[in-house]
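K.L.:
Sequential numbering of the sequence shown, starting at 274, is according to this note's numbering.
Every residue, glycine too, gets a C-beta built ideally from N, C-alpha and C.
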Amino acid sequence: MPKNSKVTQREHSSEHVTESVADLLAHQEPVDYKRSVLNVTGEAWDKQKEGDEELDAENRPAWNSKLQYILAQIGYSVGLGNVWRFPYLCQKNGGGAYLVPYLVLLIIIGLPLFFLELAVGQRIRRGSIGVWNYICPRLGGIGYASCLVCFFVGLYYNVIIGWSIFYFFKSFQYPLPWSECPIVRNGSVAVVETECERSSATTYFWYRETLDISNSISESGGLNWKMTLCLLVAWSLVGLAMIKGIQSSGKVMYFSSLFPYLVLVCFLVRGLLLRGAVDGIMHMFTPKLDKMLDPQVWREAATQVFFALGLGFGGVIAFSSYNKQDNNCHFDATLVSFINFFTSVLATLVVFAVLGFKANIMNEKCVVENAEKILGYLNTNVLSHDLIPPHVNFSHLTAKDYNEMYRVIMTVKEGHFKELGLDACLLEDELNKSVQGTGLAFIAFTEAMTHFPASPFWSVMFFLMLINLGLGSMIGTMSGITTPIIDTFKVRKEMFTVGCCIFAFVVGLIFVQRSGNYFVTMFDDYSATLPLTVVVILENIAVAWIYGTKKFMQELTEMLGFRPYQFYYYTWKYVSPICMAVLMTASIIQLGVSPPGYSAWIREEAAEKFLFYPTWAMAILISLIILASLPLPLVFILRQFHLVSDGSNALSVTYKKGRMMKDISNLEDNDETRFILSKVPSETPSPMPTHRSYLGPGSNSPMEMSSAPNGRYGSGYLLASTPESEL
């Protein structure tokens, strides 16, 4: 102990010692509690390193405005799934009745977990790796698993943006190139392309002109140069948007987040003016209440809630980490969650207004084709004219008249009816044709737009909307990779972003070969679902059970200025973990029950055919799941057996005030006791041990004070590994 220290001077003085540590420090320059920290790393103090860390914390980027941040979260959570997945699930699982389980699960799973990720990101101000290393070092693999899943998803998600870019540029012509089948010349004879004639013009354009798809995943077929170029453009857009971090991506969000809403509203207004739009919307929202009792409906609703909000990817945490400490993240969570829900409903209205119009067009086409068959049978006396009702006029045949005629013929010719080859031509059958994903966007919707007046304009708007929806989600997904890596390893932002985009483009070439669409299906089905479910369960457990729900609620109270509802306490601690565990079990069962396969386009048959994955593809599929989940047990084992330091086995406690350090790790037992408790040894009931290990955020350390005006510790002590948001 230095002889000139204030503690020693007090010891040798004849005055009665009554002052506390706070009194002693009060005689010195004012303490900047925002810069105070507990050093528990057991390492020697590095002045240069400390200065770099302080500079890094002070220079951490921040959102220019609350609006920019909200738009970024909306742009990330509202993606392609809202447009082409939610409407399909709604139609498949009971129409309007599906909204009930979806809304219930959004409230008891989606909103609490979304709020949790926003809160930990804002509180700790680090990416996913830093956040979970701080909350529970042994579960630090959560952050690394999130990064890997983001990488896998980003690889194929950007391919979809590339497809949209291709269609966008093809839309600047009239008529649209997918409106009619191409004509092939065979010598002096011009014939329609057989593959197109046996399917449809939009289907042919998608599979042959766009993808030039092979018959199976085993037939590579080489690179598709058109899609390779579009993928390069897509990664260039993402790289330019991300290169300056939120300074550049935040500005992009103003357009990429708002423009899709403008397009959706325009499509809704235009769609409602189309003939048959009301039929589509009525079909959509007619509730089938019996579906609500089906467990499969609830499982699919939970999965959609889970992915719609982007839980577990790390993008939510990354965006939230650039917020100020006092930001009301509870309001943000509620706002973004319900905007996401209402966007899905809006997209569903648009989709089924347009598909209702398309169904009417297809139904009329069916009526005309089958009426011609009936006229042929009448002219050849296969059918009697007596079977035709007298009011039926073949030159102006309505769907109602045809259905009446169809029922009469079916009744009279019951024994030979199948030989006639007549179709029922029911509007309900057309509306029940479920389409989702690429089938909805690139086949069904494009076909409907060919019948729009000024169809190129609407096509340009639609695919520009898809590009912006995809770009917003890609920025969030890439932030889930770049933010934690840059925070943890202090790499240069620009260099890492460019390098990441180049590497992803090279690896992503697997998706732009002729069999690439099958790999997109594989990655979409298997690379994220199970690993992300495990990640979110562990996130929930780390906060609610290891860190402590009460402790977390108290910190939220300090951060927000009000105590969150007890609803969150019970959902975090009990409801959400149980629901997520049930969802994970159901997902595993579903993977086991459903044979791993894909829909292949067979050129010779001009039709889709379900094929099983070959052995080597199964090996890739299993490797994706294992690789994405591997960081979870790996990091746990390494830190459990102290093979890698996690910073929790500290040997010294250091109080930092401004540029001065008061190192108490080398004090003698009695001196240390007096320094901490401001009492002579005889007055202390039990001396504090010289060295004590930090036991994690959930431990009851002797250093913790019962009343903590500045966080968890009464005199402003904080963990050295705690990022600046904790200070």
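Between which two residues does the alpha helix (DSSP H) containing I380 stretch?
P.N.:
Note, I380: premise wrong, no alpha helix (DSSP H); not H, not E.
K.L.:
Assuming I456 is part of the beta strand (DSSP E), what are its boundary residues?
P.N.:
Looking at the DSSP string, the run of the beta strand (DSSP E) that includes I456 is 456-459.
K.L.:
Sort V578, A591, P804, A370 by Cα distance to I861 and report the nearest one.
P.N.:
It is P804 whose Cα lies nearest to the Cα of I861.
K.L.:
State the Cα-Cα distance for the pair V373 and R358, rounded to the nearest angstrom.
P.N.:
Computed Cα separation, rounded: 17 Å.
K.L.:
By the DSSP assignment, the beta strand (DSSP E) with V462 in it spans what residues?
P.N.:
Start and end: 462-465.
K.L.:
For the stretch 419-507, list the beta strand (DSSP E) runs that are entirely contained and at least 3 residues long, ordered along the chain.
P.N.:
You should have 456-459, 462-465.
K.L.:
Any beta carbon from chain C within less than 7 Å of E453's own beta carbon?
P.N.:
Checking the listed chains, one finds no chain C in this structure; it contains a single protein chain.
K.L.:
Thinking C-beta only, is V627 closer than 7 Å to G544?
P.N.:
Contact: yes.
K.L.:
Going by alpha carbons, who is nearest to R572 out of R912, Q863, S452, G416?
P.N.:
Checking every option, the nearest Cα to that of R572 belongs to Q863.
K.L.:
Please name the residue, chosen from S902, P837, W508, that lies closest to V779 on a Cα-to-Cα basis.
P.N.:
Ranking S902, P837, W508 by Cα distance to V779 puts W508 first.
K.L.:
A632 and G553 look like a contact to me (Cβ under 8 Å); what is the Cβ gap, rounded to whole Å?
P.N.:
Indeed, because the Cβ distance is near 6 Å, the residues count as touching under 8 Å.
K.L.:
Looking at the secondary structure, which residues open and close the beta strand (DSSP E) in which L582 lies?
P.N.:
Premise fails: L582 is in no beta strand (DSSP E) and is neither H nor E.
K.L.:
Closer than 6 Å by C-beta to N406: which residues in its own chain qualify, once you throw out the five before and the five after it? Chain order, please.
P.N.:
Around N406: G413.
K.L.:
Would you kindly check if the distance between the Cβ of Y447 and the Cβ of P729 is under 7 Å?
P.N.:
In this structure, Y447 lies closer than 7 Å to P729 by Cβ.
K.L.:
For the alpha helix (DSSP H) that E687 lies in, which residues bound it at each end?
P.N.:
From DSSP, E687 is part of no alpha helix (DSSP H); its letter is neither H nor E.
K.L.:
For A299, I'd like the list of residues in its chain whose CB is within less than 8 Å of its CB, leaving aside the five on either flank, ordered along the chain.
P.N.:
Because A299 sits at a pLDDT of 44, beneath the cut-off of 50, its placement in the model cannot be relied upon, and the following sentence gives the value as read from the coordinates. Same-chain partners within the cutoff: there are none.
K.L.:
Pull up the distance between the alpha-carbon of V816 and that of T830, whole angstroms please.
P.N.:
Spanning the two alpha carbons is a distance of roughly 15 Å.
K.L.:
What separation, rounded to the nearest whole angstrom, lies between the Cα atoms of L344 and N337?
P.N.:
One C-alpha to the other measures close to 12 Å.
K.L.:
Quick test of the definition: if touching needs 3 or more C-beta pairs under 8 Å, does the stretch 692-708 touch the stretch 657-671?
P.N.:
Taking 8 Å as the limit for Cβ pairs, the verdict is that the stretch 657-671 does not touch the stretch 692-708.
K.L.:
Can you tell me whether DSSP reads I740 as helix, strand or coil?
P.N.:
Of the three classes helix, strand and coil, the one that applies to I740 here is helix, per DSSP.
K.L.:
Leaving aside the five residues before and after A463 along the sequence, list all residues of the same chain whose C-beta is less than 6 Å from its C-beta, in chain order.
P.N.:
I456.
K.L.:
Would F715 pass as a contact of W479 if the rule is Cβ separation under 7 Å?
P.N.:
Their beta carbons are under 7 Å apart, which means F715 touches W479 by this criterion.
K.L.:
So, helix, strand or coil for E703, using DSSP?
P.N.:
E703 falls in the helix class under three-state DSSP.
K.L.:
Taking contact to mean 3 or more Cβ pairs, one atom from each stretch, closer than 8 Å, check whether the stretch 527-547 and the stretch 812-827 are in contact.
P.N.:
No, the stretch 527-547 is not in contact with the stretch 812-827.
K.L.:
Between the alpha carbons of S979 and Q827, how many angstroms are there, rounded?
P.N.:
Caution is warranted here: a pLDDT of 35 is assigned to S979, below 50, making its placement in the model unreliable, and the coordinate value is therefore given only provisionally. Rounded to the nearest angstrom, the two C-alpha atoms are 12 Å apart.
K.L.:
Can you tell me whether D599 is buried or exposed, with buried defined as 16 or more other CB within 10 angstroms of its CB?
P.N.:
Looking at its Cβ environment, which holds fewer than 16 other Cβ atoms inside 10 Å, D599 is exposed.
K.L.:
Just list the beta strand (DSSP E) runs in the stretch 852-890, keeping only unbroken ones of 3 residues or longer that don't cross its boundaries, in chain order.
P.N.:
Qualifying beta strand (DSSP E) stretches, in chain order: 870-875, 880-885.
K.L.:
For I910, count the other beta carbons within 10 Å of its own beta carbon; 16 or more makes it buried, fewer makes it exposed. Which is it?
P.N.:
I910 is exposed by the Cβ-count criterion.
K.L.:
Checking 7 Å against the spacing of the C-beta atoms, do Q395 and C602 come in under that value?
P.N.:
Yes, they are a contact pair.
K.L.:
Residues in the same chain with beta-carbon distance under 8 Å from I381, minus the five sequence neighbours each way, listed in chain order, please.
P.N.:
Same-chain partners within the cutoff: T844, V848, S849, C852.
K.L.:
How long is the line joining the alpha carbons of A880 and S872, rounded to whole angstroms?
P.N.:
So the two alpha carbons sit approximately 10 Å from each other.
K.L.:
Distance, Cα to Cα, K1001 vs E637?
P.N.:
Shown here, the chain extends from 274 to 1000; a query on residue 1001 therefore has no answer.
K.L.:
Between the alpha carbons of P662 and I490, how many angstroms are there, rounded?
P.N.:
Distance between the alpha carbons of P662 and I490 is about 53 Å.
K.L.:
Are M751 and M526 closer than 7 Å when you measure CB to CB?
P.N.:
Cβ atoms of M751 and M526: not closer than 7 Å.
K.L.:
Q569: buried (16+ other C-beta within 10 angstroms of its C-beta) or exposed?
P.N.:
It counts as exposed.
K.L.:
Please state if the CB of N355 and the CB of I875 are separated by a distance shorter than 7 Å.
P.N.:
Taking 7 Å as the Cβ cut-off, I875 and N355 do not qualify as a contacting pair.
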